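Since the structure comes first, as structure tokens, the remarks are kept for the end.
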Amino acid sequence: MQYKLNSKIENKFTYLAIKEIFGLLNKVIGKKNLKELEIIYPPEREMGDFVLPCFVLAKNFKKSPIEIAAELSKNIKLKNSGVICKIKNQGPYLNFFVKNNRTAELVLREIFLKKDKIGENKIGKDKKIMIEYLSPNTNKPLHLGHSRNAFLGWSVSKILQANGYKVIKACLINDRGIHICKSMLAYQKMGNKKTPKSEKIKSDHFVGDYYVLFDKLQNENPEIEKEAQELLRKWEKGDKKVLTLWKKMNSWAISGIKETCKEIGVSFDKFYFESDFYKKGKNIILKGLKQKKFTKEEGAVLADLKKYNLPNKFLLRSDGTALYITQDIYLSYLKYKDYEPNKIIHIIGSEQDLSQKQLFAILDILKFKVAKNMSHLSYGMINVEGGKLKSREGVKVDVDNLLAELKGEAEAEIKKRNKKLNKKEVERRAKIIVLGALKYYILLYGAKNTVNFNPKKSLSFTGNTGPYLQYTYARIIGIIQKSDVGFQISDFRFQISDVVDVDFSKLSDVADTNLIFELSKFSNVIKQAGENCDPSILAKYLYELAKIFHNFYHQSPVLQSDKETKKARLLLIFSVAQIIKKGLELLGIETMEEM
RNA sequence: GUACCCGUAGCUCAAUUGGAUAGAGUGUCUGGCUUCGGACCAGAAGGUUGCAGGUUCGAGUCCUGCCGGGUACACCA
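To convert a position in the first sequence, counted from 1, into my numbering, add 1.
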């Protein structure tokens with residue numbers, strides 16, 4: 002994590018410290034030389050709290066960075082009133098140390114006062130970002146790949162909101178095309194008027210089963226593919242019977258998918274249905290053709306993308322009908338008409354890297370207003386036990402079944418720990434834990450990585466996992482609940498009337514200060530996660546924080562300490578709990594006070 | 001064939017966007033509850049960062065060429 006001179010939004014402590022460091026440097030080397038300097042964190046906190054690498058200065062002064070660091074450490078004179086209390090050169094680095102009690106006061110007080118707004122900033126003030134994510138097909142239930150999309154979409158939305166943006170969460174429903182016709186055809190042949198209700202099957206699974214069935218039928222009789230295409234033609238012509246069936250099966254699929262969304266805790270502000278506009282967009286292309294932005298090749302309209310270093314792309318068939326990209330272009334305009342976003346982010350699998358680049362290039366040619374602010378958040382596939390996951394192969398790796406299976410394991414674990422819990426509470430906790438484990442596991446990876454997922458091996462509840470963080474939170478709450486000093490718990494939030502009374506000099510052990518310093522990084526983590534649209538940055542940070550907390554926990558008693566230390570440490574662990582709760586919330590993970 | 005992504009400890013992944021001794025989890029081994037929740041903590045072992053060059057004060061990170069894996073390149077959706 003790097004701080005630059007111009008960096009405006011930090012927490013109060015970091016802001017003061019960085020400002021002071023640059024003030025001190027200014028006196029010694031002059032304003033001119035400050036420009037390119039960066040302050041970073043050292044690899045180990047024993048080395049210092051902030052570091053100035055002196056390589057840039059070496060060029061300016063034509064001296065070795067080691068000499069420069071030594072000179073600076075000699076020449077800089079500290080003020081008594083500041084946050085910085087010590088400077089030490091080490092090789093080409095100049096290390097700054099902060100005052101412990103001042104740091105503790107600034108950091109903990111800010112966390113306490115900002116409550117659940119802690120870490121938020123206003124970078125995105127007055128800016129709207131639309132995030133399109135999930136985009137399911139209506140022929141089958143959501144599978145693991147979808148869950149990666151959903152968790153990413155949700156968390157990125159949350160993180161951007163914390164960075165001050167207004168976020169619109171949109172979902173494109175792919176509700177037409179050959180895939181749904183396949184399910185429909187299989188249902189026509191084998192359905193016998195069965196319904197999800199009559200069969201007691203969740204409605205999207207009901208539809209998905211016929212999609213799988215189609216595959217079986219096709220193996221017996223390859224000709225059936227043609228029948229499906231015929232069905233699609235009838236659908237496009239508006240055949241009433243076909244439309245009725247389509248509506249029925251679609252509503253089953255969609256309501257089932259929405260149920261799953263609710264279960265995994267994601268939602269949307271706006272749904273777009275492909276069937277509403279799959280033929281539109283023609284006019285936009287034709288207008289572009291008239292303006293000579295595109296060319297014609299054997300009657301079809303073609304976009305020349307050479308200057309973008311991309312393969313050319315057809316935009317309309319020679320018979321004048323729309324292609325998939327045509328509706329993509331239309332949808333972009335529609336989004337702008339609906340919300341006028343400043344930025345649009347598509348969360349789509351990496352297999353569409355090329356087509357997304359082409360889409361953005363074409364929109365750029367069309368001078369679409371947001372074209373230059375559109376981005377594709379690309380993520381890799383999830384393989385399950387070696388095989389790429391596809392519902393048509395009948396592998397049961399859909400989200401619903403996976404969660405049900407994992408819940409069983411979590412319930413067993415909870416019962417082991419707490420034998421008196423009633424069934425309902427066991428189930429409630431199991432759900433939160435399992436979702437925490439799955440979300441954290443998926444978000445901890447870099448999005449680009451292909452994930453090899455093995456339900457039994459991959460998901461554990463110990464180590465660097467979601468439940469570990471949830472446990473950390475519950476553990477802290479446990480301590481606070483047993484305390485009697487200055488804290489009250491009400492409605493899952495904490496209130497304290499006398500932070501002012503806390504003696505911050507009591508927090509001077511290394512275990513205390515490590516924890517405090519780590520807490521001070523939180524706002525910068527949120528900023529970074531937002532800039533990169535990358536929840537993994539936050540996930541890694543939370544783990545680091547929890548680990549440092551546990552180290553503290555095992556060597557520093559809270560409740561058994563003398564009154565003043567107890568009070569100070571209670572405030573400290575309360576702050577840790579606040580940050581963990583807030584951080585997990587931005588990852589879409591729930592916390593609970595007992596687990 | 002062309003483009004993009006990936007290759008780091010036995011396994012799964014990190015690495016402050018070019019910076020200090022490449023770190024975690026897991027697995028293996030050793031320790032730690034009459035003391036705030038053991039879903040925990042402390043420690044040991046484990047590495048030629050796929051290979052070969054190059055760029056510079058400095059490369060896991062950037063450039064070139066190989067090797068291996070994945071994905072995408074329709075007047076499909």
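A virtual CB, placed ideally from N, CA and C, is assigned to each residue, including glycine.
Note that the coordinates shown come from a computational prediction; the quantities given were computed from them, not determined experimentally.
By the Cβ neighbour-count rule, P66 is buried, with 16 or more other Cβ atoms within 10 Å of its own. The C-beta separation of N12 from S524 comes to about 5 Å, placing the pair in contact by the 8 Å criterion. DSSP lists G350 as the beta-bridge partner residues of Y380. For T296, the enclosing beta strand (DSSP E) covers residues T296 to E298. In this structure the region 171 to 190 lies against the region 226 to 246, because at least three pairs of beta carbons, one per stretch, are closer than 8 Å.
Of the other Cβ atoms in all chains shown, fewer than 16 fall within 10 Å of the Cβ of F56; this residue is therefore exposed.
Using a C-beta cut-off of 8 Å, the region 187 to 206 makes no contact with the region 165 to 178, since fewer than three inter-stretch Cβ pairs fall below that distance.
When the alpha-carbon of D535 is set against those of L153, N101, V511 and I434, the nearest one is in L153. Around F315, the same chain offers A301 and L303 as residues with beta carbons nearer than 6 Å, after the five sequence neighbours per side are excluded.
Note on the region 70 to 120: whole beta strand (DSSP E) runs with a minimum of 3 residues are 85 to 91 and 94 to 99, in chain order. Sixteen is the threshold: since fewer than 16 other Cβ atoms of the shown chains lie within 10 Å of the Cβ of E426, the residue is exposed. Look at A448 here: in three-state DSSP terms it is coil, with no helix or strand label.
With 16 or more other CB atoms across the displayed protein chains lying within 10 angstroms of its CB, F361 is buried.
Non-local beta-carbon contacts of R46 in its own chain, meaning distances under 7 Å to residues more than five positions away in sequence, involve N515 and F518 in chain order. Within the region 158 to 217, the complete beta strand (DSSP E) segments of 3 residues or longer fall at 167 to 174, listed in chain order. Counting other Cβ atoms within 10 Å of its Cβ, P44 stays below 16 and is therefore classed as exposed. Cβ neighbours of I346 within its own chain (closer than 6 Å, five residues either side excluded): I132, S376 and L378.
If you check the CB distance, L546 and I581 come in under 8 Å. Excluding five sequence positions before and after E406, the CB atoms of its chain that fall closer than 8 Å to its own CB belong to P456, given in chain order. Counting the other Cβ atoms within 10 Å of the Cβ of I443 gives 16 or more, which makes it buried. For the options R430, D365, K259 and K36, the alpha carbon positioned closest to that of Y472 is the one of R430. When rounded, the separation of the alpha-carbon atoms in K297 and K238 is 28 Å.
Looking at I383, N402, G479 and D513, the one whose alpha-carbon comes closest to that of N450 is I383. Relative to F23, the option among L79, Q482, A569 and T566 whose CA is nearest is L79. In this structure, I348 sits away from K271, with a CB-CB distance that is not shorter than 8 Å. For E221, no pairing in a beta bridge is given by DSSP. Collapsing the DSSP output to three states places Y42 in coil. Per DSSP, reduced to three states, the secondary structure at N423 is coil, with no helix or strand assignment.
Rounded to whole angstroms, P93 and K20 show a C-alpha spacing of 22 Å.
For the pair L26 and S74, the Cα-to-Cα distance works out to about 10 Å. In chain order, Y544 place their CB closer than 6 Å to the CB of N465, counting only its own chain and leaving out the 5 sequence neighbours on each side.
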